[in-house]
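Just so you know, the sequence shown maps onto residues 4 to 394 in my numbering.
In this text, a Cβ means the ideal position worked out from N, Cα and C, and glycines have one as well.
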Amino acid sequence: MLYKDYTQELIGFKDVTVTFVERKENYLHIHMMMNRKLHKCPRCGKDTNKIHDYRTQRIKDISSFGHYTLIHLRKRRYVCPYCNKRFYEETPFLPRYQRITSRLIGKILNSFRKVTSIKSLSNSANVSPTTATRIFDHIKYSIVTLPRVISMDEFRGNAGGEKFQCILTDPENKKVLDILPNRKSEDLYKYFSKFKDRHNVKYVVIDMSGPYRYLAKTVFPRAQIVADKYHVVRQVAWAFENVRKAEQKKFHEQRRKYFKRSRKLLLKRPDKLTPDEAFQVESMLRISERLRQAYVLKNEFYKVMDSKNSYEAKKNLARWNMLFYGYNLPEFYDCFRAFTNWKKEILNSFDVPYTNGYTEGINNKIKVIKRNAYGIRNFERFRNRILHVMA
Ligand SMILES: [Zn+2]
């Protein structure tokens, strides 16, 4: 009696009787039956506990005590004395038609949240990769409502025959909203058009991409478009790098020694330099006027980015533009043009705290998922995996 109760406690199933437990190699075999009870006939609704026959079903369960677990369930088939219907008894721990317990399914789904390969997670659950994948395919994610703030970006996912996938996040509540199969405007337009609550979106954060801006204006007519700050700064850093490389090339071996660690030193903010570093920076700037101008332009732009609000930023950006006019730095022309073209959206970014920073972080995590969970070419599965890991 005691033995029976403890076993039931240990394996955690209710209303079962364990008849035999055996350990063989890697496996723990648990032979058990449900307790006999009245069942309602699924056809006529009358009660019966008349047994027609038995069948033993093998069911995989979560590992216990370091062993894979196999349940041998002696299943009863009841028969209804009124209408002669035959039916199997209820087994609450088994989902319909499954040879795997509900809790093992739960465990498998949970392991899909970790960034591991399907092979290793199916191995530890003692199911085949196909079974694990089939179980995972039951998971579906979808957004029902759009948040107040949306960040839109893209990443190289190489899924479903498309190089780039689009990612939507809610930077305010730090949530991944969705992954879209591509970044084509017409598909994005179709996607967003489905949402009835589009007018609730107040801000859309994007990088300086023309098609995204056009799309955002079309599908979110009431939203303010915000240029992603990091992206703006990056443009200046790139332009500066181009000047540095061009200037560095001009000098002979002899003088190139001045440019030791130049990239790191020149990209550092001047107020963060140690006296030694400041001296080295000064000696680099002394031999190239263009480098000095680019250095000034870059640092002045950091000051623009430090503006407290759009009003201050507008003044600072105008000053920066004047500075640019006075210099001969074609490398900065693209920046200048982008800043003119995106002025409104850039200035908006000074009045709200929203950037694509959160999204960029997620994109890095996606890279790790891709590296570890190889073989997700199917887009739906790829999307679900990302949303499942980030949920
Ligand atoms: Zn019946």
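Query raised in the report: Should aspartate 210 go down as buried or exposed, given a rule of 16 or more other Cβ atoms within 10 Å for buried?
Result: Counting Cβ neighbours within 10 Å, aspartate 210 comes out buried, since at least 16 surround it.
Query raised in the report: So what does DSSP say about tyrosine 85, is it helix, strand or coil?
Result: Three-state DSSP puts tyrosine 85 in coil, outside helix and strand.
Query raised in the report: Would lysine 306 be called buried (16 or more neighbouring beta carbons within 10 Å of its own) or exposed?
Result: Around the beta carbon of lysine 306, fewer than 16 other beta carbons sit within 10 angstroms, so the residue counts as exposed.
Query raised in the report: Where phenylalanine 139 and aspartate 279 are concerned, what is the direct C-alpha to C-alpha distance, given to the nearest angstrom?
Result: Cα-Cα distance, rounded: 57 Å.
Report task. May I ask you to list the residues that DSSP assigns as paired with isoleucine 33? Result -> Per DSSP, Val24, Ile74.
Report task. Kindly indicate the opening and closing residues of the beta strand (DSSP E) around threonine 59. Result -> For threonine 59, the enclosing beta strand (DSSP E) starts and ends at 54-67.
Query - Proximity test, lysine 49 beta-carbon vs ligand 1 heavy atom, cut-off 7 Å - result: Yes, Cβ of lysine 49 sits closer than 7 Å to a heavy atom of ligand 1.
**Report entry** Neighbourhood of proline 84 by C-beta distance below 7 Å, restricted to the same chain and skipping five residues each side
**Finding:** Excluding residues within five positions, the ones whose Cβ falls inside 7 Å are Thr51, Lys53.
Requested in this report: Measure the alpha-carbon distance for lysine 318 versus lysine 232 and round it to whole angstroms.
Outcome: If I take the Cα positions, the gap works out to 17 Å.
Report task. Could you check which residue in Leu276, Arg225, Leu73 has the C-alpha nearest to that of aspartate 200? Result -> Taking only the C-alpha atoms, the option nearest aspartate 200 is Arg225.
Query raised in the report: With a Cβ-Cβ cutoff of 8 Å, do isoleucine 349 and isoleucine 170 count as a contact?
Result: Going by C-beta atoms, isoleucine 349 is not nearer than 8 Å to isoleucine 170.
**Report entry** Simplified DSSP state of glutamine 168, which is helix, strand or coil
**Finding:** For glutamine 168, the secondary structure class from DSSP, reduced to helix, strand or coil, is strand.
Query raised in the report: In chain order, which beta strand (DSSP E) runs of at least 3 residues are fully inside the region 155-219?
Result: As far as the region 155-219 is concerned, its whole beta strand (DSSP E) runs of at least 3 residues are 165-173, 178-183, 206-209.
**Report entry** Beta carbon of glycine 164 nearer than 8 Å to that of isoleucine 369
**Finding:** Not closer than 8 Å, so no.
Report task. Enumerate in chain order the residues of its own chain whose CB-to-CB distance from phenylalanine 16 is below 6 Å, with the five nearest sequence positions on each side excluded. Result -> Answer for phenylalanine 16: Phe96, listed in chain order.
Report task. Look at proline 174 and valine 208 and say whether their C-beta atoms are less than 8 Å apart. Result -> The beta carbons of proline 174 and valine 208 sit closer together than 8 Å.
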